[in-house]
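Everything on this sheet refers to the single structure shown next.
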Amino acid sequence: MKLLKKLLCLISLATAAFANNYDVYFTKIGEYLCASQNLVRGKTDANGFRCPSMLTNHIRTRLIDPPKSSRSPWGFDVKRPFFILDGIYLSTDGVRTLNEFESEVIQFGISDVLLELGYTPILVQFDATVRQSLDVNASYFAQLLKFFNKNKFFEFKDKSEDGMIILGISQGGILGRYGAYLYDTSRNSSDAPVRLYASMDSPHQGAVMPQSLLYTINFWATAGGSAAAEAFRDMIHAPGASGLLLHNVNPSCGQSRCAHKYVINTDESRFLFGEYRKAAEYKGFPSVLISQGQFKGKSPSHSRKYFELNRKATKFGMVMGRAESYLSNSNSDKDEFVYNRMYQKIKDDVREQLSNSTPFDFVQGSTYPFAQTLYESLKEGFYEEMPNNMKIELFSALGMTADISISTSWDKDSLYQKSSTFIPTTSAMDLKCNGALSIKDNCAFTQSASGFPFASPGTRSSANAVYAVDPTHPRYSESISGRHIEMPVDEKGHIDTTVLRGMQVDMWRVLCEVSHYDYNASAKAFRNEYLNGVFAPNVNCMDIGSMPDVIKNSGLKNTRNLAYARYDYNKKATEKTSSVTFDVPAGWHKVATYDNGTQIPANSDFEIDITVNNSKGSWFKAELLLFKSKSESGQFQMKEIDVPVDGKKHTIQWSMPSTDDMLRFYRWFRLVMNSDGANVTLSKPRLVKKAFAKEQYNKVESNLYPSSRYDFVTWTQSAIFSNYSDALGRGLSIKFANYGAGGFIDFGEFANAGSYKNLKVTFWPGTCENTGIYFGSYSRGIALLRNGTAKGNFLSKTIPIADIVSPNFIQGNAMLTSRLSIQGQKPDERCIIHDIMLE
Numbered sequence: 018m019k020l021l022k023k024l025l026c027l028i029s030l031a032t033a034a035f036a037n038n039y040d041v042y043f044t045k046i047g048e049y050l051c052a053s054q055n056l057v058r059g060k061t062d063a064n065g066f067r068c069p070s071m072l073t074n075h076i077r078t079r080l081i082d083p084p085k086s087s088r089s090p091w092g093f094d095v096k097r098p099f100f101i102l103d104g105i106y107l108s109t110d111g112v113r114t115l116n117e118f119e120s121e122v123i124q125f126g127i128s129d130v131l132l133e134l135g136y137t138p139i140l141v142q143f144d145a146t147v148r149q150s151l152d153v154n155a156s157y158f159a160q161l162l163k164f165f166n167k168n169k170f171f172e173f174k175d176k177s178e179d180g181m182i183i184l185g186i187s188q189g190g191i192l193g194r195y196g197a198y199l200y201d202t203s204r205n206s207s208d209a210p211v212r213l214y215a216s217m218d219s220p221h222q223g224a225v226m227p228q229s230l231l232y233t234i235n236f237w238a239t240a241g242g243s244a245a246a247e248a249f250r251d252m253i254h255a256p257g258a259s260g261l262l263l264h265n266v267n268p269s270c271g272q273s274r275c276a277h278k279y280v281i282n283t284d285e286s287r288f289l290f291g292e293y294r295k296a297a298e299y300k301g302f303p304s305v306l307i308s309q310g311q312f313k314g315k316s317p318s319h320s321r322k323y324f325e326l327n328r329k330a331t332k333f334g335m336v337m338g339r340a341e342s343y344l345s346n347s348n349s350d351k352d353e354f355v356y357n358r359m360y361q362k363i364k365d366d367v368r369e370q371l372s373n374s375t376p377f378d379f380v381q382g383s384t385y386p387f388a389q390t391l392y393e394s395l396k397e398g399f400y401e402e403m404p405n406n407m408k409i410e411l412f413s414a415l416g417m418t419a420d421i422s423i424s425t426s427w428d429k430d431s432l433y434q435k436s437s438t439f440i441p442t443t444s445a446m447d448l449k450c451n452g453a454l455s456i457k458d459n460c461a462f463t464q465s466a467s468g469f470p471f472a473s474p475g476t477r478s479s480a481n482a483v484y485a486v487d488p489t490h491p492r493y494s495e496s497i498s499g500r501h502i503e504m505p506v507d508e509k510g511h512i513d514t515t516v517l518r519g520m521q522v523d524m525w526r527v528l529c530e531v532s533h534y535d536y537n538a539s540a541k542a543f544r545n546e547y548l549n550g551v552f553a554p555n556v557n558c559m560d561i562g563s564m565p566d567v568i569k570n571s572g573l574k575n576t577r578n579l580a581y582a583r584y585d586y587n588k589k590a591t592e593k594t595s596s597v598t599f600d601v602p603a604g605w606h607k608v609a610t611y612d613n614g615t616q617i618p619a620n621s622d623f624e625i626d627i628t629v630n631n632s633k634g635s636w637f638k639a640e641l642l643l644f645k646s647k648s649e650s651g652q653f654q655m656k657e658i659d660v661p662v663d664g665k666k667h668t669i670q671w672s673m674p675s676t677d678d679m680l681r682f683y684r685w686f687r688l689v690m691n692s693d694g695a696n697v698t699l700s701k702p703r704l705v706k707k708a709f710a711k712e713q714y715n716k717v718e719s720n721l722y723p724s725s726r727y728d729f730v731t732w733t734q735s736a737i738f739s740n741y742s743d744a745l746g747r748g749l750s751i752k753f754a755n756y757g758a759g760g761f762i763d764f765g766e767f768a769n770a771g772s773y774k775n776l777k778v779t780f781w782p783g784t785c786e787n788t789g790i791y792f793g794s795y796s797r798g799i800a801l802l803r804n805g806t807a808k809g810n811f812l813s814k815t816i817p818i819a820d821i822v823s824p825n826f827i828q829g830n831a832m833l834t835s836r837l838s839i840q841g842q843k844p845d846e847r848c849i850i851h852d853i854m855l856e
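Going by the numbering used here, the sequence shown opens with residue 18, and the numbers climb by one from there.
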């Protein structure tokens, strides 16, 4: 607990001290969205034309630590924008600020996680979430996305490749989904695509307020004459709030008094159940919906009564006045669910007593303390009207006045059930039953997590993936679901670890799905290089054990600097040099040596930032070698990685094997580069603990050559690979000009050859006499192809795999390797290969 408190404190301090935030304010004027870094003055549109000064800012945004740029007028650029949309602000006083929104995002560590993963977090807040209709605010957001694509103030680099990610919280999920739909269906082909849309506990099929609460607020606003109740009633009747609520004012009431003023309304004439469904069913980008409500297939246990309040004023044993409010949940149309009364002797006796079924009050879903909030507000109001020292003023016929004391007391004052459902699970997951919206069906109450296909719901949801508080979630054991978007730190600074872990699981599932859509299977790497080594390509998003440390630690990556660093082409640079620049000649060259100081830990990543400047060619490769000592004993060769030649910084990662025995005594790293020659900058070499618990190794294909999957790569210019054909057939010709020249078949990753026993090489007679073959960099296990046995017109050599794979990289049935090396053992050696097979 103490450690967690320190962690949260550290997160807050780190964000406040080091993040460079930029606030930008937007106003919609006609067809233009005008922007300014000033709250009021100097707004201009995307093309730089001045707009009329407007006091209203329809949208407020905060860019958290975007890449700095001296070329952009506003001093920053945007890289991988990750928009986070704030929810509705249900308050009758004050205005929610960006500072308040950011403080909540910081509590959950969301911004720090995104920054560590290479995204630019952009907080989006709407000026009028209650008064403004959903469709209008969503259209503002669509315009905002267009503005970010092209404007005069900052650049959105690599927008076609990186695209944008949108995460909407609560009401923000509705605005973000419809706004993204409007944007994506009208954008130019050169504009940034929406890579993924996600929502966090958003009411895609409506939100719930207890019916008794709605009637009670309306009663005290009208009959009771309470200004506070009237203000709150007007707020929940406003377009932005009422547009989300399942219960709406009964349209048949008109101006007349109705027995049931509030009814469930899912008519398609309403935006949420009509026009919005176009965005919900849109398949132009993937969508992931998170519910913070339970998914147990039943409504949670609860007290039937919310609260009882009954305060009276008496004189000489006679009741002079009374205020009553009883709120309940009802399972039958005949059960009373609300009773309100305002009584003043002789003058008034107004009451409202209703019976009706209120099933959605406790449909499974995330909760909100509506009853507690109303209870505390009414109790305070009743007390103010009838205080303990209450006195009334009487007038006499002689013009004299007298203060008469009145006794006051509570007949009832009990809060039984503070919370009720706010966002139904079925709504936040946008579930369907029998092809229809589940909120209209009994399955909203009976659907459970048992056997539910969360990662691929198909026709059971409008989204590509949906998640809820299922049995793997930290909050599943709670008797009633946790509060909707609940903060982990209370006003006294106490931390609720369950709340924090629950939010981290929710964010893990969002980012896990982001990684799935970011992965490039053909390149065997993530489009965003910062995801490499943090997420596994096919990781199960339901597997909480695979949650990366960067999320568990709320953005604090488990990273350690290396103890020693020396650079071959910059002799003055050491481990204390943060950034090292040098010119590397053409060809393969060892450029840097790093010491971990102790054995390299399993399940870790070696990371380094590489920038290739002024390259003499269009290609650049990097490779990592592992050694047991500085003298380079026991070499183990990691895979070769292509580095973009674009003058930009790229994080390159090599993943270590996942078991300690495979890395026994290895502690040194040697960085190797191959190019046509270039100017290179290296920075931040570090070792990072692997995020996922167990690495999954693909099986090596049995056909190594000829193969459509694997390529031959030369490691020196003195080995020449070329296609060969004669009367016997087709093959691969390798000419080794010098001793030790060679190349390899590149598997592109660490792969498992453990299911095979032998390697069989078939070659042309009269060749390959002095050609050796081995896996990885295990040159000590080299096997020569000479003395092959006849196989038709060819010679064949069968070699036990265990002889040519380093024993350090054999664990049980696993034989891990990234390549098959072929090396000449004599100058002017020639080897013509027909095929290479694993058996």
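Every residue, glycine too, gets a C-beta built ideally from N, C-alpha and C.
- Note on geometry: alpha-carbon atoms of residue 600 and residue 174 lie some 27 Å from one another.
- A check of alpha carbon separations from residue 431 across 342, 463, 404 and 361 identifies 342 as the nearest.
- If you check the CB distance, residue 375 and residue 229 come in under 8 Å.
- Annotated as proximal: residue 485 and residue 446, with beta-carbon spacing under 8 Å.
- Uninterrupted beta strand (DSSP E) stretches at least 3 residues long and entirely within the region 541-578 occur at 576-578, given in chain order.
- Boundaries of the beta strand (DSSP E) around residue 80: 76-81.
- Burial of residue 196 is indicated by the presence of at least 16 other C-beta atoms within 10 angstroms of its C-beta.
- The Cβ atoms of residue 283 and residue 105 lie no closer than 8 Å to each other.
- Nearest neighbour of residue 351 by Cα position, chosen from 261, 305, 371 and 444, turns out to be 371.
- Membership of residue 293 in the alpha helix (DSSP H) is indicated by the continuous run 293-297.
- Taking the Cβ atoms as the reference, residue 842 lies roughly 7 Å from residue 788, within the contact range of under 8 Å.
- Apart from the 5 residues on each side of it in sequence, residue 235 sits with its Cβ closer than 6 Å to the Cβ of 250 in its chain, given in chain order.
- Nearest to residue 404 by alpha-carbon distance, out of 65, 144 and 427, is 427.
- Look at residue 610 here: in three-state DSSP terms it is strand.
- Listed as beta-bridge partners of residue 483 by DSSP are 306.
- For residue 91, there is no enclosing alpha helix (DSSP H), as DSSP gives it neither H nor E.
- Residue 839 has its alpha-carbon roughly 25 Å from the corresponding atom of residue 685.
- Judged by DSSP secondary structure, residue 525 falls within the alpha helix (DSSP H) whose first and last residues are 514-535.
- Excluding residues up to 5 positions away in sequence, 657, 658, 659, 660, 690, 691 and 692 lie with their Cβ nearer than 8 Å to the Cβ of residue 638 in the same chain.
- Annotated three-state conformation of residue 235 is helix, per DSSP.
- As DSSP reads the structure, residue 720 sits in a beta bridge with 854.
- Spatial neighbours of residue 564 in its own chain (CB-CB distance under 6 Å, excluding positions within 5 residues in sequence) are listed in chain order as 525.
- A direct Cα-Cα distance of roughly 52 Å separates residue 655 from residue 315.
- For the pair residue 764 and residue 717, the CB atoms are nearer than the 8 Å cut-off.
- About 22 Å separates the beta carbons of residue 550 and residue 652, which is beyond the 8 Å limit, so they are not a contact pair.
- With fewer than 16 other Cβ atoms from the protein chains shown falling within 10 Å of its own Cβ, residue 420 counts as exposed.
- For residue 181, the number of other beta carbons within 10 angstroms of its own is at least 16, and it is reported as buried.
- Apart from sequence neighbours up to five positions away, the residues of its chain that approach residue 280 with a beta-carbon distance below 6 Å are 267, ordered along the chain.
- Judged by beta-carbon spacing, residue 635 lies beyond the 8 Å limit of residue 608, meaning their Cβ atoms are not closer than that value.
- If only complete runs of 3 or more residues are kept, the region 135-199 shows the beta strand (DSSP E) at 137-143 and 181-186, in order along the chain.
- Close CB contacts of residue 366 within its chain, under the 7 Å cut and outside five residues either way in sequence, are with 360 (chain order).
- Remark: C-beta atoms of residue 215 and residue 305 approach each other more closely than 8 Å.
- Looking from the CA of residue 303, the closest CA among 211, 233, 321 and 489 belongs to 211.
- Distances from the alpha-carbon of residue 262 to those of 299, 232 and 224 put 224 closest.
- Remark: three or more beta-carbon pairs, one from each stretch, lie closer than 8 Å, so the region 491-510 and the region 382-395 are flagged as touching.
- Contact annotation: residue 330 and residue 425 have beta-carbon atoms nearer than 8 Å.
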